[in-house]
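Enquirer: Quick one: this structure, given as structure tokens, is what I'll be asking you about.
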Amino acid sequence: MKIYIRLLRYIKKYKVKIFTSVFMSVLYSIFSAVSVYLTIPLLKTLFLDSNAPVNNQTPQTDVSGLYNYVQRFFEVFIFNNGKENALLKICILILIAFFLKNITGFFQSIYMQYVEKGVLRDLRYELYEKINDLSLRFFTQEKTGNLISRMTNDINAVQSGISAAFSNLIKEPLLIIIYLIISLSISWQMTLMSILVFPITIFASSKIGASLKRRSMRVQQKMSEILSVISETIYGAKVIRIFRAEKFRNKLFEGENDAHYNLIIKTAKTSELTSPITEFLSILAGVIIIWFGGREILVNNNLRPEEFLGFLFILFQLIVPIKNLTTVGNRIQESSASGER
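Structure follows, in structure tokens:
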């Protein structure tokens, strides 16, 4: 983590662009939540009686009390002129919400690209400047391919870690918090059940991330060895021809290339394992919630059908930022491995 913190020092000169990107992330999270919340009055307009009384059997906590106040205010605005006008209003609001969500998401990504590419440019120049200051003795001891690998592959690998810190680590938690607030206001019991699985997901992802860092280090090291073989072959072409060492060099390169391939496959397997584990655990929570929420409607009458369906929409929207957040650790580990080199 110390290496990663050192890498983040390079973003100081991009404070304005980072602040703008963070601000856009906040707006993106808000409009995303609004676009999902609008499914509740839409379902009520299409399938249910808009004049049905609000069920007061739900416990009135501070969160749910505020939710009910906002809901009543919103329903008066939506349903005061009949279902047809309500449908038109909801469609317009959904269109506006998704438009603003996509616009803010676009600008958030663009400003983060300025930061990512700028840091890569600064790192590459500083590394080149450092190489020009090194003694000739260093170049006789260090392989050319290793140096080239550090200036190309390792620097490019740092990019994903920069965006992970100032994009995913801000946008995804904001989305999770806002979705959790809405879901808590609908039913704290179902929300509590749904988040019980999250610590298990985080623990599994952290274990995978630690393994991924080790494998990434080996992949980068092996790529530098491949580049060394290539550079030695090019610079020593005459000597290789004189001693007829072509087959030997081919065999040497084949071994290094195959070893690199095997390492990449193992790393890919480790990386790809995070997503299905997270998704399965999230779906497991969803199935439990469907069962519990169905009982609340059919047996206990503590929840309205449109609220339950809206809760399900929110829950499955929650899966996306959680999945993205669990991969952030992997990206940071990969960037740290390259940063260390």
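Sequence positions in the sequence shown follow the numbering used here and run 103 to 443. Don't be surprised by glycine CBs; every beta carbon is placed ideally from N, CA and C.
#1: Take residue 157 and list the residues in its own chain whose beta-carbon comes closer than 8 angstroms to its own, dropping the five residues that flank it on each side.
#2: Please report the straight-line C-alpha distance between residue 274 and residue 440, rounded to a whole angstrom.
#3: On the CB-based measure, 16 or more other CB atoms within 10 Å of its CB, does residue 263 come out buried or exposed?
#4: Select from 325, 224, 126, 321 the residue whose C-alpha is nearest the C-alpha of residue 368.
#5: Is it the case that the region 249-264 contacts the region 188-199, given that we only count it when at least three CB pairs across the two stretches are under 8 angstroms?
#6: Give every residue of the same chain whose Cβ lies closer than 6 angstroms to the Cβ of residue 313, excluding the five residues on either side of it in the sequence, and list them in chain order.
#7: Would you mind reading off the limits of the alpha helix (DSSP H) that contains residue 401?
#8: Per the contact definition of three or more C-beta pairs closer than 8 angstroms, is the region 242-251 in contact with the region 326-337?
#9: What residue does the alpha helix (DSSP H) around residue 339 start on, and which one ends it?
#10: How far does the alpha helix (DSSP H) with residue 207 in it extend, from its first residue to its last?
#11: Of the choices 120, 355, 126, whose alpha-carbon is the least far from that of residue 219?
#12: Which class does residue 443 belong to by DSSP, given the choice of helix, strand or coil?
#13: Exposed or buried, what is residue 153 when buried is set at 16 or more other beta-carbons lying within 10 Å of its beta-carbon?
#14: Among 110, 183, 420, which residue has its Cα nearest to the Cα of residue 385?
#15: Please list the segments of the beta strand (DSSP E) lying wholly inside the region 407-437, counting only runs of 3 or more residues, in order along the chain.
#16: In its own chain, which residues sit with a C-beta less than 6 angstroms from the C-beta of residue 229, not counting the 5 before and 5 after it?
#17: Around the C-beta of residue 163, are 16 or more other C-beta atoms found within 10 angstroms, so that it is buried, or is it exposed?
#18: Locate the alpha helix (DSSP H) running through residue 276, then write down its first and last residues.
#19: Under 8 angstroms, do residue 199 and residue 436 count as touching if we go by C-beta distance?
#20: Assign residue 242 to buried or exposed, taking buried as 16 or more other Cβ atoms, counted over all protein chains shown, within 10 Å of its Cβ.
#21: Give me, in chain order, the residues of the same chain whose beta-carbon lies closer than 6 angstroms to that of residue 122; leave out the 5 immediate sequence neighbours on both sides.
#22: At the level of alpha carbons, what is the spacing between residue 409 and residue 398?
#23: Quick check on the burial criterion: 16 or more other C-beta atoms within 10 angstroms. Buried or exposed for residue 378?
#24: Ordered along the chain, which non-local residues of its own chain (more than five positions away) have a Cβ less than 6 angstroms from that of residue 288?
#25: What does the Cβ neighbour count give for residue 363, buried or exposed, with the cut at 16 atoms within 10 Å?
#26: Leaving out the 5 sequence neighbours to the left and right, which residues in its chain are closer than 6 angstroms to residue 427 when beta-carbon positions are compared?
#27: Would you identify the three-state DSSP class for residue 354, choosing helix, strand or coil?
#28: If you reduce the DSSP assignment to three classes, tell me which class residue 245 lands in.
#29: Check whether the Cβ atoms of residue 424 and residue 278 lie closer than 8 angstroms to each other.
Expert: On the basis of the supplied data:
#1: Residue placement at residue 157 is poorly supported in this model, since its pLDDT is 44, which falls under 50; the coordinates are not used for a value here.
#2: If I take the Cα positions, the gap works out to 25 angstroms.
#3: With 16 or more Cβ atoms within 10 Å of its Cβ, residue 263 is classed as buried.
#4: Minimum Cα distance to residue 368 is reached at 321.
#5: These segments do not touch.
#6: For residue 313, where only same-chain residues beyond five positions count, the Cβ hits under 6 angstroms are 372.
#7: Here residue 401 belongs to no alpha helix (DSSP H), and DSSP marks it neither H nor E.
#8: With three or more CB-CB distances shorter than 8 angstroms, the region 326-337 counts as touching the region 242-251.
#9: Taken as a continuous stretch (DSSP letters only), the alpha helix (DSSP H) holding residue 339 covers 339-344.
#10: Note, residue 207: alpha helix (DSSP H), 185-235.
#11: Looking from the CA of residue 219, the closest CA among 120, 355, 126 belongs to 120.
#12: Reduced to three states, the DSSP call for residue 443 is coil.
#13: Annotation note: pLDDT 49 at residue 153 (below 50); position unreliable, coordinate value reported separately. Residue 153 should be labelled exposed.
#14: It is 420 whose Cα lies nearest to the Cα of residue 385.
#15: When DSSP assignments are scanned along the region 407-437, no uninterrupted stretch of beta strand (DSSP E) that is 3 or more residues long falls wholly within it.
#16: By the criterion of a C-beta distance shorter than 6 angstroms, residue 229 is surrounded in its chain by 253, once the five residues flanking it on both sides are discounted.
#17: Bear in mind that the predicted position of residue 163 carries a pLDDT of just 47, short of 50, making it unreliable; the figure below should be weighed with that in mind. Residue 163 counts as exposed, since fewer than 16 other C-beta atoms from the protein chains shown sit within 10 angstroms of its C-beta.
#18: First-last of the alpha helix (DSSP H) with residue 276: 271-288.
#19: Cβ atoms of residue 199 and residue 436: not closer than 8 angstroms.
#20: Residue 242 is exposed by the Cβ-count criterion.
#21: So the list reads 213, once near-sequence residues are dropped.
#22: Across the structure, residue 409 and residue 398 are spaced so that their CA atoms are roughly 11 angstroms apart.
#23: Exposed: under 16 other Cβ atoms inside 10 Å.
#24: If we look at residue 288 and ignore the five residues flanking it on each side, its Cβ neighbours are 409, 413.
#25: By the 10 Å Cβ count, residue 363 comes out exposed.
#26: For residue 427, where only same-chain residues beyond five positions count, the Cβ hits under 6 angstroms are 274.
#27: Helix.
#28: DSSP, reduced to helix, strand and coil, places residue 245 outside both helices and strands of the structure shown, so it counts as coil.
#29: Judged by beta-carbon spacing, residue 278 lies within the 8 angstroms limit of residue 424, meaning their Cβ atoms are closer than that value.
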